[in-house]
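Only one structure is covered here, and it is reproduced in the block below.
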Amino acid sequence: MTVPRDVTTNVEVLNGLMSERFTCRAYRAEQVPEATIQGILQLARNTASWCNVQPWQVVITSGEATDLFRGALMDEARAHPEGEPDIPFPPGYHGIYKARRQETGYQLYAALGIAREDRERRQEQSFENFRLFGAPHVAIVSVPAEIGPYAIADCGQFVGSFLLAARAYGVDTTPQAALAQHSAFIRGHFEIPETQRILCGISFGYADREHPANSFRTRRAAADEIARLVGQEPVGEAESRVSEAG
Ligand SMILES: Cc1cc2nc3c(=O)[nH]c(=O)nc-3n(C[C@H](O)[C@H](O)[C@H](O)COP(=O)(O)O)c2cc1C
Numbered sequence: 003m004t005v006p007r008d009v010t011t012n013v014e015v016l017n018g019l020m021s022e023r024f025t026c027r028a029y030r031a032e033q034v035p036e037a038t039i040q041g042i043l044q045l046a047r048n049t050a051s052w053c054n055v056q057p058w059q060v061v062i063t064s065g066e067a068t069d070l071f072r073g074a075l076m077d078e079a080r081a082h083p084e085g086e087p088d089i090p091f092p093p094g095y096h097g098i099y100k101a102r103r104q105e106t107g108y109q110l111y112a113a114l115g116i117a118r119e120d121r122e123r124r125q126e127q128s129f130e131n132f133r134l135f136g137a138p139h140v141a142i143v144s145v146p147a148e149i150g151p152y153a154i155a156d157c158g159q160f161v162g163s164f165l166l167a168a169r170a171y172g173v174d175t176t177p178q179a180a181l182a183q184h185s186a187f188i189r190g191h192f193e194i195p196e197t198q199r200i201l202c203g204i205s206f207g208y209a210d211r212e213h214p215a216n217s218f219r220t221r222r223a224a225a226d227e228i229a230r231l232v233g234q235e236p237v238g239e240a241e242s243r244v245s246e247a248g
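Numbering (this note's numbering), first residue to last: 3 to 248.
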């Protein structure tokens with residue numbers, strides 16, 4: 003890929019952040035300083051939204067507040083394993099989407115030495131979501147119900163900005179729709195108004211880089227598989243992205 007000289011640094015920096023970021027599934031206990039959390043918010047709040055309505059609302063925990071939430075959420079998930087998300091989960095994945103989902107799941111299980119048919123250990127690993135993978139912080143992202151699906155798209159962008167902003171500060175993250183399975187419980191726990199819909203959580207902190215759950219990186223489709231350029235030369239050297247965060 004040729005990059006014009008005057009933007010080389012910007013592209014290198016953004017490429018570094020995007021390829022170093024990964025979904026962290028094991029954390030060290032060390033807290034993120036409050037100034038760093040504020041810095042992440044200062045960057046992420048610049049996210050674009052339709053009509054600039056900025057529909058994202060975030061509750062962020064630290065210290066004991068995280069542990070209280072973690073304990074209560076695990077109790078809730080054990081008592082009501084079925085849960086009910088505010089925003090319906092996908093009814094199923096088919097074709098290429100199913101294949102990509104499976105590949106990512108198998109990568110995780112292989113990294114952890116869990117056999118594909120070992121339902122019990124897969125479920126145990128899935129429950130780690132509710133332990134927040136041991137993270138010292140979680141951000142709960144919610145969206146006003148009244149604005150509808152485009153507000154959800156805006157909030158998705160905010161989540162993406164938060165992940166990259168965190169990485170810029172050397173902080174690792176886990177976007178987690180799994181938490182939204184217990185939307186009503188989360189609203190109650192944090193006194194989030196009934197008018198808000200829980201979109202997802204973002205657990206964050208510093209990765210345990212020795213942990214096998216953090217040892218693999220996911221793949222991406224090549225640019226020419228996801229984009230069709232009309233009236234231009236073919237993309238040419240489209241590449242699969244395999245991030246190589248150390
Ligand atoms: C909105 C959203 C929700 C997600 N929910 C979960 C989740 O509940 N549990 C989990 O382990 N990973 C979750 N992920 C992480 C994805 O599995 C991950 O982003 C994907 O496999 C690509 O891998 P990477 O983030 O390491 O690049 C979520 C990601 C996004 C963007």
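Quick reminder that beta carbons are idealized off the backbone N, C-alpha and C, glycines included.
So who's on the other strand from residue i, going by DSSP bridges?
| i | result |
| --- | --- |
| Pro177 | Ile204 |
| Ser144 | Gln59 and Ile200 |
| Ala209 | Tyr29 |
| His184 | Glu86 |
| His96 | Per DSSP, none; premise fails for His96. |
| His139 | Phe206 |
By the 10 Å Cβ neighbour count, where 16 or more other Cβ atoms means buried, how is residue i classified, buried or exposed?
| i | result |
| --- | --- |
| Phe1 | Since the first residue of the chain shown is 3 and the last is 248, residue 1 is not available in this structure. |
| Arg169 | buried |
| Asp156 | buried |
| Glu78 | buried |
| Leu70 | exposed |
| Arg189 | buried |
| Ile204 | buried |
| Ser128 | exposed |
| Phe132 | buried |
| Trp58 | buried |
| Ser242 | Here the model assigns Ser242 a pLDDT of 46, short of 50, so the residue's position is not dependable, and the following value carries that caveat. Per the 10 Å Cβ criterion, exposed. |
| Asn216 | buried |
| Gln104 | exposed |
| Pro83 | exposed |
| Val232 | exposed |
| Gly207 | buried |
| Gln183 | buried |
| Leu2 | Not covered by the structure: residue 2. The range shown for the chain is 3 to 248. |
| Val15 | exposed |
Less than 7 angstroms between the CB of residue i and some heavy atom of ligand 1, yes or no?
| i | result |
| --- | --- |
| Thr2 | Because residue 2 is not part of the residues shown, which for the chain are 3 to 248, the question remains open. |
| Ala79 | no |
| Arg124 | no |
| Phe206 | no |
| Gln40 | no |
| Ala224 | no |
| Phe24 | yes |
| Pro177 | yes |
| Ala157 | The sequence as given places Cys at residue 157; Ala does not occur at that position. No, since every heavy atom of ligand 1 falls outside the 7 angstroms radius drawn around the Cβ of Cys157. |
| Arg27 | yes |
| Val161 | yes |
| Ala180 | yes |
| Asn131 | yes |
| Thr106 | yes |
| Cys202 | yes |
| Thr220 | yes |
Can we count residue i as close to ligand 2, meaning its CB is less than 7 angstroms from some heavy atom?
| i | result |
| --- | --- |
| Val143 | Ligand 2 is absent from the structure shown, which contains only ligand 1. |
Whole alpha helix (DSSP H) runs in the stretch 33 to 86 with 4 or more residues, listed along the chain?
36 to 46 and 65 to 81
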